Amino acid sequence: MSMPQPGRRTSSGGVCPGCGQRPDSAETAARLRAELAVRWLVHEAGALVARGFCHRCVPPGPYGEVVCGFCGDGPLLAGALADADPIADPAVIGWLTSQGWEVDPVTCSSCRRAFGWAGPP
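Residue 103 in the UniProt record's numbering sits at position 103 of the sequence shown, and the numbers go up by one each step.
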């Protein structure tokens, strides 16, 4: 009987794409993964992009957020985006809809799938 072979081991925490921080333990690897999983919407090279940042290289404030009305999840907004109504900003609306969000009411793609809601007719 053959024994299953272990899968190839991968990095437990990766590297922060912003500052290059590398975890030095399982605990810091888990923290880095959690930090990088948070989506930040930032203006970069004239476009709106979603990035993950570690605690060392998070963008300077002010901060804002877009919040799903059902689960409370959503991207954080940095810089000038934080000062405006995100649902009135065409770039933010474009990003949200490209990710499967509904903007009226604000609903993330996961909740839309979970509740079987396709949006207004």
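Here a beta-carbon is modelled for each residue, glycine too, at the ideal position from N, C-alpha and C. Since the model is a prediction, treat every value here as computed from it, not as a measurement.
Checklist entry - Among residues of its own chain, excluding the 5 on either side of residue 103, which ones have a beta-carbon nearer than 8 Å to its beta-carbon? => result Cβ-Cβ distances below 8 Å link residue 103 to 87, 93, 96, 97 in the same chain, with the five nearest sequence neighbours on each side left out; the list follows chain order.
Next on the checklist: For residue 81 and residue 49, what's the separation of their Cα atoms in angstroms?
Outcome noted: One Cα belongs to residue 81, the other to residue 49, and the distance between them is close to 12 Å.
Checklist entry - DSSP on residue 9, reduced to helix/strand/coil? => result Confidence is the limiting factor: at residue 9 the pLDDT is only 33, short of 50, which leaves the residue's position unreliable, though a coordinate-based value still follows. Residue 9: coil per DSSP, three-state reduction.
Next on the checklist: Among the candidates 29, 46, 24, whose CA atom is the shortest distance from the CA of residue 37?
Outcome noted: The shortest C-alpha to C-alpha distance from residue 37 to any of 29, 46, 24 is the one to 29.
Checklist entry - In whole angstroms, what is the alpha-carbon distance linking residue 91 and residue 64? => result Distance between the alpha carbons of residue 91 and residue 64 is about 15 Å.
Checklist entry - Mind checking residue 40: buried by the 16 CB within 10 Å criterion, or exposed? => result So residue 40 counts as buried.
Next on the checklist: What does the Cβ neighbour count give for residue 105, buried or exposed, with the cut at 16 atoms within 10 Å?
Outcome noted: Its Cβ having fewer than 16 others within 10 Å, residue 105 is exposed.
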